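Protein sequences appear in the order of chains A and B. So for the first sequence, the working numbering puts the first residue at 52; every next one is plus one. So for the second sequence, the working numbering puts the first residue at 86; every next one is plus one. See below for the structure under consideration.
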Amino acid sequence: MRRRWLVQPDHLIPVVSLVVVVVAFASAPALSGRPLQPFDVYNALQGFAQLGLLALAIGITMIAGEFDLSVVGSYAVGGMLAVSAGATSPALGVLAAVAAGAAIGAVQGGLIARLRIPSMPVTLATYIALLGLAYAMSGGLSKSYPNSDATLWVDQTLAGVFSPRSLLTLAIFVIAAVVLGGTKWGRELRAIGGDRRASRVAGVTVDGLIVWLFTVSGALAALGGALLSYSYASANPDPGLQPLILAAVAALLGGVSLAGGRGAPLGLLAGTLSVALLAQIVAVTALPDFTTQLLYAALLAVIVIVESPGLRALSDRFRARRADG
Amino acid sequence: MTAVPVRPSASVVSLALPLIALVALVGLAVTTHRFLSLDNARAILASTAFVGITAVGATLVMIAGSGVSLATSQTATVAGMFFLATQQYGLVTAVPVALVTGVALTGLQGAVIGYWHANPIVLTIAAGFAIGGTTTWFSGGTPVYPEVVAYEVLNSTPLGLPVAVYVLLGVTVLAQFTLRGTTPGRQLYLIGSNRAAARAAGLPVGRVTVIAWAFFGACIALTGVFLASFNTSATATLGGTLTLDAIAAVLVGGTAISGGRGSAVRTLAGAVLIAVISDVLLLRGFSTGIQILVKGILVLAVVVIVHLHATRSHR
């Protein structure tokens, strides 16, 4: 039974990638010649906090068979709004960012659900528009955040390795896991990702679910952007494509498939931790920066192989033969 | 929420709206100071060329239904670097070297997608990391400067237009001919509209997919060559925002991301339209941010209209 639980790709991929990366992290001192400090773990968790909400945002849309590219746009606009509206009250800034992200997501979700239009071109367009908006809001420059109390607060060390930012991110993952694991929403999300027509026939309110999905995704991404700009004490209007790519990598390492119908928040958590730890390993061992890129490429190559239908058919046949014999 | 009430109005939306928008744009453009000048027309074409060449190549890949590449910038960068590093052997060597680089890297991805059914997005993200990482590794993270300069001719402007514009037109004609006039080209549409059926009908899905991606690779390499010539040196960021700019141009040209429909000429029109709108906004004094914002809204509008049009004609 335990074996069967593990051979499913949505369990196998996150477990294996997290174990491999944690082992590599633990053996980093062999290469760097100095023992791991709690500070290294703290840094890895900061990296996790930077990426986590974005990965969760894009990951839940991937589970439902969609692909929300606009999350980086909401991330940038969220950061910009938080810095503008939260100068005196950081909570107000976060609230403004989350509300804007949710509104952007709701509009997109409505469009995608009502017109039954593929989400990728729609969210790509929104991504471009949101980057333009963030640019216009700041005149193309970074916008600094004057409230240094908030900056110090979000990144203060707690229990040696945590910060309020990483704890909050972890908490949101746990909430997502509880909500999607304990209610029908988790099942329905996977159902509409796996076979949308069948779930419609089975009585799932697909359109409503998609609107909610994109609303939550936009809100999460904007919250991530707000927290990041508090941490950096400035908001960057153009984060580039890199955060999006890394979030997608985290989701893929978390056992989510781009075809949809597979994955869970805890897998996304493992995937995001893997990406963050990997970056920290390269930092701790003082390897050149391009090593990170090559490692991501190698991990993704494994996923390409695991996900390729040609190879999957092969392994299915092998398993069927073993079950027969 | 029901999706049904949309249908009756769909034809109005998908036909009248673009027309109104176009009339509005033309009106806005001709009343813009300095828009109707030869210099401005040249500027528009010149700014279309770099992205346009890559977008025409991306059209073939999108028609084939294998989606988009997220490794475009990195491939253009590495092709540009090879181009500059081989300047001392003359253009006769440097351009083919760049082209072979682009075709090999991108064609290989096409092979994995075509024969192995790998997910294009995952694969091209992986390829982007691999190409970007390897480029930084070998260049040591420093810019590549040419030993001697052979590329000056590529920056020249015969008959007042940059060489890149002529190349863009040539690439468009070639792509359009390949799509309409050759067997693999027509097969691309079939594969894009129904991959499983194409396979069942015995079409060489793998080979045709590789041809599309290889053509795309050659186009990316050409853009890399022009970017490198224009910048006179190549850093890891040479490709810039090429990846998404090219996708945006293809989408504005009305090619559906799900494949099976589209044309190279329409992509050219899409690229020119984006350039015209940016130009009008620029001349009217709007900031870069507003230009990008409008571009995003334009892509969104076209995507929605093309989708409404397609679902209506399918019924």
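Think of the CB as a built atom: it goes at the ideal place given N, C-alpha and C, for glycine as much as any other residue. Note that this is a predicted model, so its numbers are computed, not measured.
What residue from the options has the CA that sits closest to residue i's CA?
i        : options                                : result
A:ALA327 : A:ASP61, A:PHE76, A:PRO172             : A:PHE76
A:SER308 : A:ALA273, A:TRP56, A:ALA187, A:PRO65   : A:PRO65
A:GLY103 : A:ALA284, A:ALA273, A:GLY137           : A:ALA273
B:GLY374 : A:LEU182, A:THR266, A:GLN159           : A:LEU182
B:ALA306 : B:PRO243, B:ILE359, B:VAL229, B:VAL188 : B:VAL188
A:SER280 : A:PRO141, A:TRP56, A:ALA242, A:GLY233  : A:PRO141
B:VAL252 : B:LEU327, B:LEU353, B:GLY225           : B:LEU353
B:VAL233 : B:PRO181, B:LEU193, B:PHE135, B:TYR174 : B:TYR174
A:ALA284 : A:LEU218, A:LYS235, A:ASP119, A:LEU203 : A:LEU203
A:LEU324 : A:PRO60, A:THR343, A:LEU69, A:LEU231   : A:LEU69
B:THR396 : A:TRP263, A:GLY306, A:PRO169, A:LEU219 : A:PRO169
B:THR214 : A:PRO360, A:SER359, A:LEU350, A:VAL230 : The sequence shown places Phe at residue 214 of chain B, rather than the Thr named in the question. When only C-alpha atoms are compared, the closest one is A:LEU350.
B:ILE332 : B:ARG369, B:GLN172, B:GLY381           : B:GLY381
B:VAL238 : B:PRO231, B:ALA249, B:TYR230, B:THR326 : B:ALA249
A:ASP200 : A:VAL229, A:SER282, A:THR234           : A:SER282
B:VAL295 : B:ASN125, B:ILE342, B:LEU113, B:LEU193 : B:LEU193
Locate the alpha helix (DSSP H) running through residue i, then write down its first and last residues.
i        : result
A:SER83  : 79–83
A:GLN331 : 316–335
A:GLN159 : 141–166
A:PHE379 : The displayed coordinates of chain A run from 52 to 376. Any statement about residue 379 of chain A would go beyond what the structure contains.
B:ALA356 : 349–368
A:GLU358 : 341–358
A:LEU59  : This sequence places Gln at residue 59 of chain A; Leu is not what is there. Premise fails: A:GLN59 is in no alpha helix (DSSP H) and is neither H nor E.
B:VAL180 : 176–201
A:PRO86  : Premise fails: A:PRO86 is in no alpha helix (DSSP H) and is neither H nor E.
B:ASN125 : 123–148
B:VAL250 : 248–266
A:GLU239 : 235–245
A:PRO169 : Neither: A:PRO169 is in no alpha helix (DSSP H) and is coded neither H nor E.
A:GLY130 : 122–136
B:GLY165 : 157–170
Sort out for me which residues DSSP pairs residue i with in a bridge.
i        : result
A:ALA195 : Per the sequence shown, the amino acid found at residue 195 of chain A is Ser instead of Ala. A:SER285.
A:LEU209 : A:PHE213
B:VAL229 : B:ALA319
Using a beta-carbon distance below 9 Å, is residue i in contact with chain A?
i        : result
B:ILE210 : yes
B:PHE214 : yes
B:ILE342 : yes
B:GLY217 : yes
B:TRP201 : yes
B:LEU155 : yes
B:VAL91  : Below a pLDDT of 50, predicted positions are generally treated as unreliable, and B:VAL91, at 45, falls in that range; the measurement from the model is reported next regardless. So yes, B:VAL91 belongs to the interface.
B:VAL388 : yes
B:ASN204 : yes
B:GLN272 : no
B:VAL384 : yes
B:ILE305 : no
B:THR396 : yes
B:TRP222 : yes
Counting only beta-carbon atoms, is residue i nearer than 9 Å to chain D?
i        : result
A:VAL300 : Although the question refers to chain D, the structure presented lacks it and instead comprises the protein chains A and B.
With 9 Å as the threshold, decide whether the Cβ of residue i is near any Cβ in chain B.
i        : result
A:ARG167 : yes
A:MET52  : Note that A:MET52 scores 47 on pLDDT, short of 50, meaning its location in the model is unreliable; the coordinates nonetheless yield the value given after this. False, the Cβ-Cβ gap to chain B never drops below 9 Å.
A:GLN344 : yes
A:SER359 : yes
A:THR177 : yes
A:ILE111 : no
A:VAL267 : no
A:TYR126 : no
A:SER250 : no
A:VAL173 : yes
A:PRO65  : no
A:SER325 : no
A:ASP340 : yes
A:ALA180 : yes
A:LEU96  : no
A:ALA185 : yes
Evaluate contact between the segment 191–208 of chain B and the segment 344–356 of chain A, counting only Cβ atoms and requiring at least three cross-stretch pairs below 8 Å. yes
Answer yes if the segment 241–260 of chain B comes into contact with the segment 155–162 of chain B, meaning at least three C-beta pairs across the two stretches below 8 Å, and no otherwise. no
Touching or not, the segment 127–136 of chain A and the segment 176–196 of chain A, by the rule of three or more beta carbon pairs under 8 Å? yes
Three or more C-beta pairs below 8 Å linking the segment 228–244 of chain A and the segment 335–354 of chain A: no
Are the segment 332–346 of chain B and the segment 314–322 of chain B touching by the rule of at least three beta carbon pairs closer than 8 Å? no
Answer yes if the segment 310–317 of chain B comes into contact with the segment 117–130 of chain B, meaning at least three C-beta pairs across the two stretches below 8 Å, and no otherwise. no
Would you say the segment 260–276 of chain A touches the segment 77–88 of chain A, given that touching needs at least three Cβ pairs under 8 Å? no
Are the segment 143–161 of chain B and the segment 288–301 of chain B in contact at 8 Å, needing three or more beta carbon pairs? yes
Check whether the segment 144–157 of chain A and the segment 245–261 of chain A touch, using three or more Cβ-Cβ pairs below 8 Å as the test. no
For the pair the segment 171–180 of chain A and the segment 105–125 of chain A, tell me if three or more CB-CB distances fall below 8 Å. yes
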